[in-house]
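S.K.: For any residue, its number in our numbering is found by taking its place in the sequence shown, counting from 1, and adding 101.
For every residue, glycine included, the Cβ atom is placed at its ideal position computed from N, Cα and C.
What you are looking at is a predicted structure, and each value in this text was computed from that prediction instead of being measured.
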Amino acid sequence: MNSRNGGSRRKSGRGPMRAFMALAAVLVVLFAGYLAYTLFQSDEGGAGKEPGSIADNGKGTNSNGQAGNNKGNTNDPGDKENGDRDPAAELEANVTDEELAKEYDIVIAGGRVVNPETKLDKEGLNVGIIDGTIGVVTSKPLKGKRTIDATGQVVSPGFIDNLSYDPNPLGVWQKIGDGVTANIAMHGGTSTPKQWYSYYERNQTPVHFGASFFYTQARNQFKLSRYAAASPAQSEKLVKDAEKALNDGALGISISLEYVPGISAEEIIPLMELANKYNVPVYFHGRYSDMEEPGTELEGTQELIGYAEKTGAAVHIDHINSTGGTFTMTEALAMIDEARAKGYDITACTYPYDYWGTYLNSARFDEGWQERFRISYNDLQIAGTTERLNKESFSKYQKQGKLAVAYAIPPQAIVDAFKAPYVMIGSDAILEPGFNNHPRASGTFARTIGLYVREQGVMSLMDGIAKLSLLPAQRLEKQSPALQKKGRIAKGMDADIVVFNYEKIRDRSTVEQPDLMSAGINYVLVAGQVALDNGEMNKKIRLGEPLRSHFQRVSETAGALQWDGKSYPLVGYNKEPYVDLSALNEHGYSVSWNDVTHTFEVAEGTQSASEGDPSAAPAKGELMLERGYAVKSGDATVKLLSIGKRAFVPVAFLETLGLKAVNDGDTWTIEE
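And the structure:
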């Protein structure tokens with residue numbers, strides 16, 4: 102965890118009998134191959150688990166749409182069993198003749214397409230790409246200006262590194278070589294996102310990029326010691342800075358407690374409340390990473406869970422393998438499981454190495470580090486060299502601020518972390534000049550598939566790809582529309598794609614040579630153009646786009662809904678009218694709230710009281726947020742819109758209740 106402000110030939114025989122025997126042998130092989138293939142398709146490409154969504158954040162609302170206990174939607178991809186689904190059949194049912202007749206810019210042909218969102222895993226599919234977008238996925242033939250033969254290879258969504266640092270001009274190419282198409286600086290980031298995003302847009306970065314509001318950097322304006330807490334006045338100023346940063350595009354807030362141990366709970370709580378208000382996550386490097394008193398890693402993990410419980414904001418625990426669960430992974434995950442079961446939105450990430458790395462002049466190497474991490478000088482190695490340390494060299498390199506690798510993580514901790522459905526991948530590194538970097542800067546994503554999926558079988562390929570792509574997108578996409586089209590292989594999604602050989606993909610980077618590119622990754626497409634072309638880097642591709650938060654606010658009302666003599670103001674969101682859910686309470690319906698699933702259940706004939714006033718228009722300027730909440734009536738489930746403490750439902754939802762809403766300009770009327 103970097104501390105940074107940072108075929109064989111058929112033999113011909115003589116005579117008819119030998120020819121007959123050879124032909125029979127071939128037929129047997131062909132039949133066996135067909136049988137194995139069909140069995141494989143039945144196991145791997147058929148019905149699977151229906152996807153849900155990664156945990157959502159924000160405060161819950163009660164049966165009348167008012168704010169209640171926060172918590173987020175903690176469903177994970179694949180958490181709903183539905184044996185009737187066939188993702189491949191659903192795929193083909195949506196393909197049109199017009200799509201088949203098009204000429205695409207690029208066709209990726211004959212690959213094994215894996216889409217973790219729909220649980221699609223099928224060989225022999227073709228992906229048509231046009232104008233940077235996936236136009237179609239089908240088993241039927243497609244025409245393309247260029248065709249990439251992906252036979253025998255996996256076609257996956259581009260990998261998303263959600264725990265990286267600034268996309269410097271050297272390290273971004275190692276990321277592409279590792280299958281990464283989006284580099285997001287959520288461990289670190291910036292205190293001035295407006296300038297940060299502008300810089301990397303001008304720099305023509307080849308991967309997509311985004312950043313958090315980096316609280317440590319923001320604190321530096323007061324020249325505070327890393328062991329000192331901010332004053333109330335300073336904290337108030339920092340919260341205002343954070344709010345401005347979110348409105349300028351920051352994807353969330355990042356706080357590094359172990360590296361700045363002076364940060365107090367009194368500083369953190371207002372930031373968490375702000376994050377809850379804006380529906381963005383807070384990424385934490387926990388306060389402790391060992392089991393030595395005073396201050397154990399389990400206490401550090403509980404501290405973070407406590408912030409989620411107290412404020413309702415979403416919490417993401419950085420590299421839980423090296424901070425928060427190193428020696429007690431089973432116990433740490435159990436604590437998180439318990440909180441998530443209550444509805445709190447807590448996720449984590451890991452990197453696939455049983456050794457960490459950071460700068461020797463950081464607080465992590467304060468006095469007593471040998472006992473805390475259960476290692477000695479010889480367990481430290483200067484990254485980018487073969488040199489192990491001793492007392493004298495440690496002192497020298499500490500003054501220089503060198504990054505050292507520490508062989509200090511129990512291997513089982515990585516395995517246990519990967520088995521948790523809410524733990525995703527984050528590299529916690531990007532290669533920089535001088536190569537004084539952990540090898541995870543170049544090999545994290547290939548190593549996850551090669552070592553932990555293929556070789557050790559810790560998780561399935563579907564789950565592995567989800568942790569590399571879909572889960573990071575879902576963690577950050579609530580207020581970032583661009584990420585809602587990443588981490589998936591499907592019609593309408595962005596054409597950020599990785600094509601790799603499952604039998605050959607592996608990391609090659611080492612502590613001594615952290616710059617070595619990963620093996621087995623053959624093609625990487627960013628925004629529909631080929632950045633890694635049959636293993637060769639195309640450095641002319643500079644298509645990275647900014648990944649920003651975007652907030653919609655109430656401006657004008659979008660008309661009114663007339664219902665049995667009462668009038669309710671409508672708000673427009675994504676070109677659709679919404680009405681306060683509490684209006685149903687006034688017309689013979691009950692609306693009950695599930696505080697764990699974050700779903701309202703609507704029932705007819707048992708009217709409940711409304712605590713709010715659904716006839717009052719929301720104030721101009723209020724945030725309109727999709728927190729992941731839903732409303733359900735029978736088999737119909739619809740996403741809700743949160744405005745302050747109120748829940749709004751699409752007018753179209755009323756039809757699922759048997760109501761008829763007729764539109765006359767800006768006025769909708771419920772007809773009896």
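1) Closest to N422 by CA distance: which of E488, F310, A521 and A194 is it?
2) Going straight from the alpha carbon of S581 to that of G645, what length do you get?
3) Give me the Cβ distance between E398 and T429, rounded to the nearest whole Å; I'm assuming they're in contact under 8 Å.
4) Tell me the DSSP secondary structure of A388 in three-state form.
5) Counting pairs of Cβ atoms below 8 Å between the region 404-419 and the region 612-622, do you hit three or more?
6) Nearest by alpha-carbon distance to R327: which of V215, D262 and T317 is it?
7) Quick check on Y523: does DSSP put it in helix, strand or coil?
8) Any chance the region 556-568 sits against the region 187-196, with 3 or more Cβ pairs inside 8 Å?
9) By alpha-carbon positions, which one of P453, I515 and D696 ends up nearest to A542?
10) Measure the alpha-carbon distance for I207 versus R548 and round it to whole angstroms.
11) Within 10 angstroms of its Cβ, does T431 collect 16 or more other Cβ (buried), or is it exposed?
12) Where does N491 sit, in a helix, a strand or coil, going by DSSP?
13) When you compare only the Cα positions, how much space is there between S650 and E302?
14) State the beta-bridge partners of E691 as determined by DSSP.
15) Return the first residue and the last residue of the alpha helix (DSSP H) that I406 is part of.
16) Beta carbon of P715, beta carbon of Y669: below 7 Å?
17) Nearest-angstrom Cα distance between I437 and D391?
18) Return the CA-CA distance between A753 and Q653, expressed in angstroms with no decimal places.
19) Could you have a look at E191 and say whether DSSP puts it in helix, strand or coil?
20) Between which residues of its own chain and L405 is the CB-CB distance below 7 Å, once the five residues before and five after are set aside?
21) CA-CA distance, A509 and W457?
22) Using the three-state DSSP reduction, which class does F546 fall into: helix, strand or coil?
23) Buried or exposed for S528, going by 16 or more other Cβ atoms inside 10 Å?
24) What three-state label does DSSP hand F428 in the structure shown?
25) Skipping 5 residues on each side, what residues in its chain have a beta carbon closer than 6 Å to that of M594?
26) I need the straight-line Cα distance from T768 to P751, nearest angstrom please.
27) Within the continuous beta strand (DSSP E) that includes L662, where are the two ends?
28) Leaving out the 5 sequence neighbours to the left and right, which residues in its chain are closer than 6 Å to A505 when beta-carbon positions are compared?
29) In terms of residue numbering, what span does the beta strand (DSSP E) encompassing N216 cover?
30) Less than 7 Å between the C-beta atoms of L662 and A748, yes or no?
31) Return the chain-ordered list of same chain residues with a C-beta closer than 6 Å to the C-beta of I209, the five sequence neighbours on each side being excluded.
32) What do you get for F323, buried or exposed, if any count of 16 or more other CB atoms within 10 angstroms of its CB means buried?
33) According to DSSP, is T85 part of a helix, a strand, or is it coil?
34) Quick one: what's got a C-beta closer than 6 Å to M536's C-beta in the same chain, skipping five residues either side?
M.R.: According to the data block:
1) On the sequence shown, position 321 is the one that residue 422 refers to. It is A521 whose Cα lies nearest to the Cα of N422.
2) Mapped onto the sequence shown, residue 581 falls at position 480. Mapped onto the sequence shown, residue 645 falls at position 544. Going from the Cα of S581 to the Cα of G645 covers about 15 Å.
3) For the purposes of this step, residue 398 is taken as residue 297 along the sequence shown, with counting starting at 1. For the purposes of this step, residue 429 is taken as residue 328 along the sequence shown, with counting starting at 1. Sure, about 6 Å apart at Cβ, within 8 Å.
4) Locating residue 388 in the sequence shown gives position 287, where the first residue counts as 1. A small fix is needed here, since residue 388 is Arg in this sequence, not Ala. It is coil, neither helix nor strand.
5) no
6) Sequence index remark: in the sequence shown, residue 327 carries index 226 (1-based). Of the candidates V215, D262 and T317, the one whose C-alpha sits nearest the C-alpha of R327 is T317.
7) Residue mapping note: residue 523 aligns to position 422 of the sequence shown, counting from 1. Reduced to three states, the DSSP call for Y523 is coil.
8) no
9) As a first step, residue 542 must be located in the sequence shown, where it is residue number 441. Nearest of P453, I515 and D696 to A542, Cα basis: P453.
10) By one-based count along the sequence shown, residue 207 stands at place 106. By one-based count along the sequence shown, residue 548 stands at place 447. Near 28 Å, if we compare the C-alpha coordinates of R548 and I207.
11) Translated into positions along the sequence shown, residue 431 becomes position 330. It counts as exposed.
12) Counting from 1 along the sequence shown, the entry for residue 491 is found at position 390. If DSSP states are grouped into helix, strand and coil, N491 belongs with coil.
13) As a working note, residue 650 is residue 549 in the sequence shown. As a working note, residue 302 is residue 201 in the sequence shown. Going by the C-alpha atoms only, they are around 16 Å apart.
14) Position 590 of the sequence shown, counting from 1, holds the residue named residue 691. Per the sequence presented here, residue 691 reads as Ser, with Glu not at that position. In the DSSP output, where bridge partners are listed per residue, S691 has A704.
15) Within the sequence shown, residue 406 is the residue found at index 305, counting from 1. Element bounds for I406: E398 to T412.
16) Taking the first residue of the sequence shown as position 1, residue 715 is located at position 614. Taking the first residue of the sequence shown as position 1, residue 669 is located at position 568. In contact: P715 and Y669 (Cβ atoms closer than 7 Å).
17) Here residue 437 refers to the residue found at position 336 of the sequence shown. Here residue 391 refers to the residue found at position 290 of the sequence shown. Taking the straight line joining both Cα atoms gives about 18 Å.
18) Taking the first residue of the sequence shown as 1, we reach residue 753 at position 652. Taking the first residue of the sequence shown as 1, we reach residue 653 at position 552. A753 and Q653: Cα-Cα distance of roughly 21 Å.
19) Within the sequence shown, numbered from 1, the residue matching residue 191 stands at position 90. DSSP places E191 in helix when its eight states are reduced to three.
20) The residue labelled residue 405 in the question sits at position 304 within the sequence shown. F385, G387, V416 and I418.
21) Along the sequence shown, read from residue 1 onward, the residue named residue 509 stands at position 408. Along the sequence shown, read from residue 1 onward, the residue named residue 457 stands at position 356. The alpha-carbon atoms of A509 and W457 are separated by roughly 7 Å.
22) In the sequence shown, counting from the first residue as 1, residue 546 sits at position 445. The answer is helix: DSSP assigns F546 an H, G or I state.
23) For the purposes of this step, residue 528 is taken as the residue at position 427 of the sequence shown. When all chains shown are included, S528 counts as buried.
24) By one-based count along the sequence shown, residue 428 stands at place 327. In the structure shown, F428 sits in coil (DSSP, three-state: anything other than H, G, I, E or B).
25) For the purposes of this step, residue 594 is taken as the residue at position 493 of the sequence shown. Hits under 6 Å: I235 and K586.
26) Here residue 768 refers to the residue found at position 667 of the sequence shown. Here residue 751 refers to the residue found at position 650 of the sequence shown. Computed Cα separation, rounded: 14 Å.
27) To locate residue 662, count along the sequence shown from 1; it is residue 561. Note, L662: beta strand (DSSP E), T658 to W664.
28) Here the question's residue 505 lines up with position 404 in the sequence shown. Same-chain partners within the cutoff: L461, L481 and I483.
29) Here residue 216 is taken as the residue at index 115 of the sequence shown, counted from 1. Taken as a continuous stretch (DSSP letters only), the beta strand (DSSP E) holding N216 covers E204 to N216.
30) Along the sequence shown, one-based indexing puts residue 662 at 561. Along the sequence shown, one-based indexing puts residue 748 at 647. It is not a contact, given that the beta carbons lie outside the stated cut-off.
31) Against the sequence shown, residue 209 aligns to sequence position 108. Taken in chain order, the residues that qualify are V228, I249, A251 and V256.
32) Taking the first residue of the sequence shown as 1, we reach residue 323 at position 222. So F323 ends up on the exposed side.
33) Residue numbering for the chain in the displayed model covers 102 to 773; residue 85 lies beyond these limits and cannot be assessed.
34) Translated into positions along the sequence shown, residue 536 becomes position 435. It is worth fixing the name first, because residue 536 is Phe in this sequence and not Met. Around F536: G485, P615 and D616.
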